[in-house]
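Q: Numbering (my numbering), first residue to last: 19 to 310. I have a structure here, written as structure tokens, and I will follow up with some questions on it.
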Amino acid sequence: MNFTAKDVQELRQRTGAGMMDCKKALVEMNGNLDLAVEYLRTKGIAKAESRAGRTTSEGMIGSALSSDCTVGVIAEVNCETDFVARTDDFKALVNVVLAHAMITDAADTKALLATPVVAEGGKTLDEVVKARSAKLGEVVNVRRVTRFAVAQGGVGSYTHHNAKVGVLVEASLGNAAVAPTEPVQAMLKAVAEHAAAMNPLALDRSGISTELVEKERRIAEDQARQSGKPEAMIEKIATGKLEAFFKDMSLVSQPWVRDPKKTITDLVHETGKAAGTDIAVTRFVRFALGDA
19 MNFTAKDVQE
29 LRQRTGAGMM
39 DCKKALVEMN
49 GNLDLAVEYL
59 RTKGIAKAES
69 RAGRTTSEGM
79 IGSALSSDCT
89 VGVIAEVNCE
99 TDFVARTDDF
109 KALVNVVLAH
119 AMITDAADTK
129 ALLATPVVAE
139 GGKTLDEVVK
149 ARSAKLGEVV
159 NVRRVTRFAV
169 AQGGVGSYTH
179 HNAKVGVLVE
189 ASLGNAAVAP
199 TEPVQAMLKA
209 VAEHAAAMNP
219 LALDRSGIST
229 ELVEKERRIA
239 EDQARQSGKP
249 EAMIEKIATG
259 KLEAFFKDMS
269 LVSQPWVRDP
279 KKTITDLVHE
289 TGKAAGTDIA
299 VTRFVRFALG
309 DA
């Protein structure tokens, strides 16, 4: 046997399949986890693989918007225990990170950490974090920060009540003045909340990698063949399943979680029509605590 009990456990976590099915898949695929996932998918035993590669960490996701809603930031700050994550001191540190990121156009999180924080006497953000870490008695680190800034558009956000999931959404607007209005912000928050719940792979089908599309096509073709479908129908069946895959995994084409009769695109268009301007979601980012 060229796999371990840990491999079986990981395969179960990645696919939701039963223990015996996972063992059989690993035997058939000579211990290769990725091939075992495909094997289970082909057999119809596993659904599309959930986001794998999670790390274990505590902390919180925070987000913030500028007053005109043209700049938004989202951050993940980690600590060692949930106890510390729930303290006022830790939450205050997250707010320091967000406030600094709002006014600092850094290339990435590493660059942001190296910039001075005026409100903290010119110490770098990294120095501020280390000082707060010592006070809290735990290792604290700013894991990732994303900043959206748009001239002709608006930004909205949503953070789940447990601060473990958050989403930042950007939209282009024909009339940028409507960005901070209640209807537009309510819509952007609703889109962000939907993305938090449904975890789409991409904004639209163009954002899904060719490699993943071909993998899904191959699995769909294998499933059709194993169910006894005529070879002449295989391509048509696979194409139909791919269309369903794109709809399920693309934010703008997903049925809105609050009203499945509407897609996210429908929701956005309705809001634009009511506001008297064109609106289109242009990008989003979703942070879940501990995601790889």
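Here a beta-carbon is modelled for each residue, glycine too, at the ideal position from N, C-alpha and C.
#1: Can you have a look at A181 and say buried or exposed, based on whether 16 or more other CB atoms are within 10 angstroms of its CB?
#2: Assign G290 to one of three DSSP states: helix, strand, or coil.
#3: By DSSP, does V299 sit in helix, in strand, or in coil?
#4: With distances taken between CB atoms, is the gap from H165 to M120 smaller than 9 Å?
#5: Apply the 10 Å Cβ neighbour rule to T74 and answer buried if 16 or more other Cβ atoms are within range, or exposed otherwise.
#6: Report the option in A220, A197, K291 whose CA atom is closest to the CA atom of D266.
#7: In terms of residue numbering, what span does the beta strand (DSSP E) encompassing P278 cover?
#8: Go through its chain and collect everything with a Cβ distance to T177's Cβ below 7 Å, but skip five positions before and after it.
#9: Between which two residues does the beta strand (DSSP E) carrying C97 extend?
#10: Given that a residue counts as buried once 16 or more other Cβ atoms are within 10 Å of its Cβ, and exposed if not, what is E188?
#11: Measure how close the beta-carbons of R276 and A208 come, nearest whole angstrom, since I'm counting them as under 8 Å.
#12: So G192 packs on D284, CB below 8 Å; how close in whole Å?
#13: Would you kindly check if the distance between the Cβ of S224 and the Cβ of G90 is under 9 Å?
#14: I think L83 touches V55, with their Cβ atoms under 8 Å apart; what is that distance to the nearest whole Å?
#15: Please confirm whether A213 and R104 have their CB atoms less than 9 Å apart.
#16: Going by beta carbon distance, what residues of the same chain come within less than 7 Å of L130, once the five residues before and after it are set aside?
#17: According to DSSP, is G36 part of a helix, a strand, or is it coil?
#18: Cα-Cα, which of V136, D309, N48 is closest to A117?
#19: In the DSSP assignment, the beta strand (DSSP E) including R161 goes from what residue to what residue?
#20: Considering V202, what are the terminal residues of the beta strand (DSSP E) in which it resides?
#21: Run the CB neighbour count on F108, radius 10 Å, all protein chains shown included, and call it buried at 16 or more, exposed below.
#22: If N96 sits next to R150, beta carbons under 8 Å apart, how far is it from one beta carbon to the other, in whole angstroms?
#23: Where A250 and A242 are concerned, what is the direct C-alpha to C-alpha distance, given to the nearest angstrom?
#24: Secondary structure at M47, three-state DSSP: helix, strand or coil?
#25: Classify A306 as helix, strand or coil using the three-state DSSP reduction.
A: For this structure:
#1: A181 should be labelled buried.
#2: Look at G290 here: in three-state DSSP terms it is helix.
#3: Reduced to three states, the DSSP call for V299 is strand.
#4: Looking at the sequence itself, residue 165 is Arg, so the reference to His does not match. Yes, Cβ-Cβ distance for R165 and M120 is below 9 Å.
#5: Reliability of the predicted coordinates at T74 is poor, the pLDDT of 36 falling under 50, and the value obtained from them is presented with this limitation in mind. Under this definition T74 is an exposed residue.
#6: If we check each option's Cα against that of D266, A220 comes out closest.
#7: Note, P278: beta strand (DSSP E), 277-281.
#8: Hits under 7 Å: I79, G80, S81, G184.
#9: Here the beta strand (DSSP E) through C97 covers 89-97.
#10: Buried, by the Cβ-count rule.
#11: Yes, they are in contact, since the Cβ atoms of R276 and A208 sit about 7 Å apart, within 8 Å.
#12: In this structure, G192 and D284 do not form a Cβ contact; the two beta carbons are roughly 18 Å apart against a cut-off of 8 Å.
#13: Going by beta carbons, G90 and S224 fall outside the 9 Å limit.
#14: Contact flag wrong, Cβ pair sits at about 39 Å.
#15: Cβ distance not < 9 Å, so A213 and R104 don't count as in contact.
#16: A119, T122, A124, L143, V163, listed in sequence order.
#17: Here G36 sits in coil by DSSP.
#18: From the listed residues V136, D309, N48, the smallest Cα separation to A117 is found for V136.
#19: Residues 159-167.
#20: No beta strand (DSSP E) contains V202, which is instead part of the alpha helix (DSSP H) from 200-216.
#21: With a 10 Å radius around the Cβ and a threshold of 16 neighbouring Cβ atoms, F108 comes out buried.
#22: Under the criterion of beta carbons closer than 8 Å, N96 and R150 do not qualify as touching, at roughly 13 Å.
#23: Taking the straight line joining both Cα atoms gives about 11 Å.
#24: Of the three classes helix, strand and coil, the one that applies to M47 here is coil, per DSSP.
#25: In the structure shown, A306 sits in a strand (DSSP, three-state: E or B).
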